[in-house]
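Those sequence lines, one after another, are chains L and E.
So that you can map any letter, position 22 of the first sequence is 22 in the working numbering, and since no number is skipped, the others follow by simple counting.
So that you can map any letter, position 179 of the second sequence is 179 in the working numbering, and since no number is skipped, the others follow by simple counting.
Even for Gly, the Cβ is constructed at its ideal location relative to N, Cα and C.
Bear in mind that the values here come from a model prediction, so they are computed numbers and not experimental data.
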Amino acid sequence: MTDLLMIAFLVAAFAGAGAYVWGCDCVTNRFG
Amino acid sequence: MTWQGWLQIAVFAALITAAIRPLGAYVSRIVDGPFRVPRPLAAFERGLYRLAGVDPGREQSWVSYAIAVLCFHFVGIASLYVLQRVQNVLPLNPQQFGAVAPDLALNTAVSFATNTSWQSYPGETTLSYLSQMAGLTVQSFLSAATGIAVAVALIRGFARRTSETIGNFWVDLTRITLYVLLPICIVASLFLVWQGVPQTFGGYVDATTLEGAHQVLARGPVASQEAVKLLSGDGGGFFNVNSAHPFENPGPVSGLVEMLLIFLLGTALTYTFGRMVGDQRQGWALLAAMAVLFFAGLTIVYATEAAPSPSLAPLAIDQAAGPAQAGGNMEGKEVRFGAAQSALFATVSTASSDGAVNSMHDSFMPLSGLVLMANMMLDEVIIGGPGSGLFSMLLFVIVAVFVAGLMIGRTPEYLGNKLGGNEVKMAMLALLVVPAFILGLPAVAAVLPDGLAGLGNTGPHGFSEMLYAYTSGAATNGSAFAGLSANTPFYNLTLAAAMFAGRFLVIVPVLCIAGMLVAKGRVPPAMGTLPTHGPLFVAILVGTVLIVGGLTFFPALALGPIAEHFAMARGVLYAAP
Numbered sequence: 001m002t003d004l005l006m007i008a009f010l011v012a013a014f015a016g017a018g019a020y021v022w023g024c025d026c027v028t029n030r031f032g
Numbered sequence: 001m002t003w004q005g006w007l008q009i010a011v012f013a014a015l016i017t018a019a020i021r022p023l024g025a026y027v028s029r030i031v032d033g034p035f036r037v038p039r040p041l042a043a044f045e046r047g048l049y050r051l052a053g054v055d056p057g058r059e060q061s062w063v064s065y066a067i068a069v070l071c072f073h074f075v076g077i078a079s080l081y082v083l084q085r086v087q088n089v090l091p092l093n094p095q096q097f098g099a100v101a102p103d104l105a106l107n108t109a110v111s112f113a114t115n116t117s118w119q120s121y122p123g124e125t126t127l128s129y130l131s132q133m134a135g136l137t138v139q140s141f142l143s144a145a146t147g148i149a150v151a152v153a154l155i156r157g158f159a160r161r162t163s164e165t166i167g168n169f170w171v172d173l174t175r176i177t178l179y180v181l182l183p184i185c186i187v188a189s190l191f192l193v194w195q196g197v198p199q200t201f202g203g204y205v206d207a208t209t210l211e212g213a214h215q216v217l218a219r220g221p222v223a224s225q226e227a228v229k230l231l232s233g234d235g236g237g238f239f240n241v242n243s244a245h246p247f248e249n250p251g252p253v254s255g256l257v258e259m260l261l262i263f264l265l266g267t268a269l270t271y272t273f274g275r276m277v278g279d280q281r282q283g284w285a286l287l288a289a290m291a292v293l294f295f296a297g298l299t300i301v302y303a304t305e306a307a308p309s310p311s312l313a314p315l316a317i318d319q320a321a322g323p324a325q326a327g328g329n330m331e332g333k334e335v336r337f338g339a340a341q342s343a344l345f346a347t348v349s350t351a352s353s354d355g356a357v358n359s360m361h362d363s364f365m366p367l368s369g370l371v372l373m374a375n376m377m378l379d380e381v382i383i384g385g386p387g388s389g390l391f392s393m394l395l396f397v398i399v400a401v402f403v404a405g406l407m408i409g410r411t412p413e414y415l416g417n418k419l420g421g422n423e424v425k426m427a428m429l430a431l432l433v434v435p436a437f438i439l440g441l442p443a444v445a446a447v448l449p450d451g452l453a454g455l456g457n458t459g460p461h462g463f464s465e466m467l468y469a470y471t472s473g474a475a476t477n478g479s480a481f482a483g484l485s486a487n488t489p490f491y492n493l494t495l496a497a498a499m500f501a502g503r504f505l506v507i508v509p510v511l512c513i514a515g516m517l518v519a520k521g522r523v524p525p526a527m528g529t530l531p532t533h534g535p536l537f538v539a540i541l542v543g544t545v546l547i548v549g550g551l552t553f554f555p556a557l558a559l560g561p562i563a564e565h566f567a568m569a570r571g572v573l574y575a576a577p
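Given below as structure tokens:
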């Protein structure tokens, strides 16, 4: 159970980082 | 301070300066050509690409490059996590250590994949040889190669014109690992073995001391991990006390070489930068700004640590330098290193993002502690880690050029690139992520029972312990102030978050800037163009680093080391918690 929580923590962190890439691309391309 | 101490510092500075040009030029040839790879190695490299399905001739946009970095490290962190969780059923575990606890395994996996190497555990009583070698050491190589790859991608952004790509992450990663990191580490490992560092799969040794007491001597494949620990800017030691342990750092000569390894790539990359952008003076200017900040900090730390501790003065303890002792504040320091090499090592380690220690920073004087924290808070721009120091300094360059442009009423330019609003926005985003975590997380820890439970001291020193830990994590340094019991779910998870953010949330905007710059055309220098290779620009850059980077943290430092300094001067001591 705790392992699943840790993996979920990791997946959420990388999903957030992926969204951050998308956000940076949006900000610089669409509003630049 | 003694002349012997300054001589050590001068020898260190001379040796590292001598290495900058040849190594910087070599790295430039590896990542930018021309470099003729020996035939067997070239075949091996091609085999790796074929195995991974990578087309080495195909370059990537900044988004593809960033996604590749994230995917690669997701796999790295997940596999290191699993390795620690099942180490008890895997080979090369002569001490039969059990599985690492989930929160500690996650913290350690994130720590080593982000080039931080914060360690909430004592290595010699927690991790098997397999976990140390196939887990931590591998991530040390790969995280350093990633840092250099990202810096090279940013340099390409400055150097290339009207392109859409910033390189191929997989090719950069492979070539930097194979041709830069591995050869240096092999030589360094052999040197350390010669100096007395163990390299063995044999188990721990039961020994009887001269007094007849029983003692277990931990050992293992230390030298191979030690070399990359230093060169990679990682700093995660095989043993709990890191380079203060005689099996990691046997004496002053190995200590000198370890410090050189820490600074080797960070300094050389400034030369690589100058070479790749076609103006060597630009690289020297960055190095000069780094050197000014480094020697200012080092002078404060050495002067403070070489002076006697005022708290011990009433006890009539002899703290003067003489033939029998190095003198100064020797609490938490190894006698074989003394105040000078301890001060130099601590400054090198915190300035460089390495985080290795040969003395306990918790026992340094408050002013020294302040400098060590400030080195990390300045976003590791004082040499910094391999690659990360250079790209962090280039972020400050963008801000400095922008501020200078505002002052003279011109559009900011750097190396013929007009810097627009988006480049400055991304630079500020990258520069604000780290302070958000350095300042936000200690604030949370300071009001939660779980945060306060780990403190080893009360008063301002206790606050410094928390501040140092999150600073070390978010700045991807990894050194420990000591005193803080950080192996708890609260600290393991919050520090993992700080390390993750301090690494990847900085790398993404850096690559974004590279992607924007690479698409632009070059603007020829004009009458009003600010020269960025002279002393004036170096002064502007140092000022920007200190004002933008430093003032952010002044209130927090006032609550910790500054308050402790004045309390110590008045003889105020704080009770243990």
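Interface residues of chain E around residue i at Cβ under 7 angstroms?
| i | result |
| --- | --- |
| C24(L) | M426, V508, P509, C512 |
| A13(L) | F500 |
Does any CB atom of chain L fall closer than 8 angstroms to the CB of residue i?
| i | result |
| --- | --- |
| A66(E) | yes |
| R156(E) | no |
| F578(E) | In the structure as shown, chain E starts at 1 and stops at 577, and residue 578(E) therefore has no counterpart that could be examined. |
| N422(E) | yes |
| L395(E) | no |
| R160(E) | no |
| R85(E) | yes |
| F74(E) | yes |
State the CB to CB distance for the pair residue i and residue j, rounded to an integer number of angstroms; the pair is presumed to be in contact (CB under 8 angstroms).
| i | j | result |
| --- | --- | --- |
| F463(E) | G387(E) | At roughly 32 angstroms, the Cβ-Cβ gap does not stay under 8 angstroms, so F463(E) and G387(E) are not in contact. |
| F247(E) | R219(E) | 6 angstroms |
| S349(E) | G235(E) | 7 angstroms |
| C185(E) | V228(E) | 5 angstroms |
| G355(E) | S117(E) | 6 angstroms |
| P442(E) | T552(E) | Not quite, the Cβ-Cβ distance comes to about 13 angstroms (not below 8 angstroms), so this is no contact. |
| E45(E) | V37(E) | 7 angstroms |
| F12(E) | L256(E) | 6 angstroms |
| T398(E) | A427(E) | The sequence as given places Ile at residue 398(E); Thr does not occur at that position. Going by Cβ atoms, the distance from I398(E) to A427(E) rounds to 4 angstroms, so yes, they are a contact pair. |
| G332(E) | S363(E) | 3 angstroms |
| T532(E) | V401(E) | 7 angstroms |
| A404(E) | L530(E) | 5 angstroms |
| G24(E) | R275(E) | 7 angstroms |
Can you check whether the C-beta of residue i is within less than 8 angstroms of a C-beta belonging to chain E?
| i | result |
| --- | --- |
| A17(L) | yes |
In chain L, which residues lie less than 7 angstroms from residue i when you measure between Cβ atoms?
| i | result |
| --- | --- |
| L516(E) | In the sequence on display, residue 516(E) carries Met and not Leu. Neighbours of M516(E) on chain L, chain order: T28. |
| I578(E) | Within the shown structure, residues of chain E are numbered from 1 to 577, placing residue 578(E) beyond reach of any answer. |
| R36(E) | Those within 7 angstroms of R36(E) in chain L number zero; the least Cβ separation is about 36 angstroms. |
| A78(E) | L10 |
| V63(E) | V21, D25 |
So residue i contacts chain L; which residues on that side make the cut at Cβ distance below 9 angstroms?
| i | result |
| --- | --- |
| Y81(E) | D3, M6, I7, L10 |
| I398(E) | Here the premise fails: no neighbours, minimum Cβ distance about 14 angstroms. |
Report the neighbours of residue i on chain L: residues whose CB is nearer than 8 angstroms to its CB, in chain order.
| i | result |
| --- | --- |
| L505(E) | A17, Y20 |
| L70(E) | F14, A17, G18, V21 |
Interface positions of the region 90–116 of chain E facing chain L (Cβ-Cβ less than 9 angstroms), listed along the chain: A101, P102, D103, A105, L106, A109, V110
So, do the region 516–531 of chain E and the region 465–479 of chain E have three or more beta carbon pairs nearer to each other than 8 angstroms? Contact between the region 516–531 of chain E and the region 465–479 of chain E is absent: fewer than three C-beta pairs spanning the two stretches fall below 8 angstroms.
Meets three-Cβ-pair contact criterion under 8 angstroms: the region 488–505 of chain E and the region 104–124 of chain E: Here the region 488–505 of chain E lies against the region 104–124 of chain E, with 3 or more beta-carbon pairs under 8 angstroms apart.
Given 8 angstroms, three or more beta-carbon pairs between the region 84–93 of chain E and the region 125–134 of chain E: yes
Compile a chain-ordered list of the residues in the region 379–395 of chain E whose CB is closer than 9 angstroms to at least one CB of chain L. none
On the three-pair Cβ rule with 8 angstroms, is the region 266–276 of chain E touching the region 504–518 of chain E? no
Would you check if there are 3 or more beta carbon pairs closer than 8 angstroms linking the region 311–320 of chain E to the region 192–205 of chain E? Because the criterion of three Cβ pairs below 8 angstroms is not met, the region 311–320 of chain E and the region 192–205 of chain E do not touch.
For the region 94–101 of chain E against the region 52–61 of chain E, do three or more pairs of beta-carbon atoms, one drawn from each stretch, fall closer than 8 angstroms, so that the two count as touching? Cβ pair count under 8 angstroms is below three, so no.
Kindly confirm or deny that the region 323–332 of chain E and the region 210–226 of chain E touch, where touching means at least three C-beta pairs closer than 8 angstroms. no
So does the region 354–370 of chain E actually touch the region 294–308 of chain E, counting three or more Cβ pairs closer than 8 angstroms? yes
Under 8 angstroms: do the region 170–189 of chain E and the region 411–419 of chain E share three or more Cβ pairs, one atom per stretch? no
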